[in-house]
Amino acid sequence: MSQTMINTMRIALLLFALALLGCGTGGTGSFGTKQAEVDFATADANYDSTDDLRFEIEQTSHPMIFGASQGRTDVSFRITITNKTKVPMIVKRLTLQSIGGSIYRVDSQSRKFNTKIAPDARESFKFWATAIATDTRMETYPPLVLRATVDGLEGDASMHAVFNRRVNGEVTIGIGSQP
């Protein structure tokens, strides 16, 4: 095949992927023909179980993934929590896991802390998590919805809060050829 034909096929594939992505934003469902069916799933990317906390998360590293690592790499997140209550709170444990579909995932992982947050104050937490990629060419750039659980004390009462957030809001499409 000529290089022009290969480039034309790549552009057509890119346009198809973009059209499919446009059909898939905002919910769960399927797009299909008689020959094939492509399923897509997204999760509720903006959920708060409480108004007592303001929760933010950012992926702060996008490490390369090598074939020898079997698609595993450690990814750094910065979690920022603002205490919106009138009493001090103590964050005892943070749990992070991905939900919905993506090219990479973060299985449920917890870290212990003992961090006090005064009323109307905010604290940031560094959270390293192991990510598993199904397509190592895409690495850890595609959008991902994470569920974070915050356990601790609010005054003298126990506290359990759940938040969903999307990280990496950019769209990434990997185009390559396999040998």
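Position 89 of the sequence shown, counted from 1, bears residue number 85 in my numbering, the numbering being contiguous throughout.
All C-beta atoms in this analysis are idealised placements derived from N, C-alpha and C, irrespective of residue type, glycine included.
{"query": "Per DSSP, the bridge partner or partners of THR76", "result": "GLU52 and SER120"}
{"query": "Euclidean distance between Cα positions of PRO115 and PRO84", "result": "5 Å"}
{"query": "C-alpha distance - LYS112 paired with VAL158, whole-angstrom precision", "result": "18 Å"}
{"query": "Distance, ILE7 Cα to VAL141 Cα", "result": "29 Å"}
{"query": "THR56 versus GLY151 - alpha carbon distance", "result": "31 Å"}
{"query": "Nonlocal neighbours in the same chain, by C-beta distance under 8 Å from LYS30, ignoring five residues either side", "result": "Legend: pLDDT at LYS30 = 36, less than 50; position of this residue unreliable, no value from coordinates given."}
{"query": "C-beta contact flag for PHE51 and ILE77 at 7 Å", "result": "yes"}
{"query": "Proximity of ALA129 and VAL102 at Cβ, strictly below 7 Å", "result": "no"}
{"query": "Where ASN3 falls: helix, strand or coil (DSSP)", "result": "helix"}
{"query": "Inter-residue Cα distance where the pair is ASP47 and LYS80", "result": "8 Å"}
{"query": "Within 7 Å, strictly: CB atoms of ALA127 and VAL163", "result": "no"}
{"query": "Cutoff 7 Å; reference SER94; Cβ partners in own chain excluding five residues on either side", "result": "ARG101, VAL102, LEU140, VAL141 and LEU142"}
{"query": "Length of the line joining the Cα atoms of MET5 and ASP40", "result": "35 Å"}
{"query": "Boundaries of the beta strand (DSSP E) in which LYS82 is found, first to last residue", "result": "No beta strand (DSSP E) contains LYS82, which DSSP labels as neither H nor E."}
{"query": "Limits of the beta strand (DSSP E) - the one that THR111 falls within", "result": "105 to 113"}
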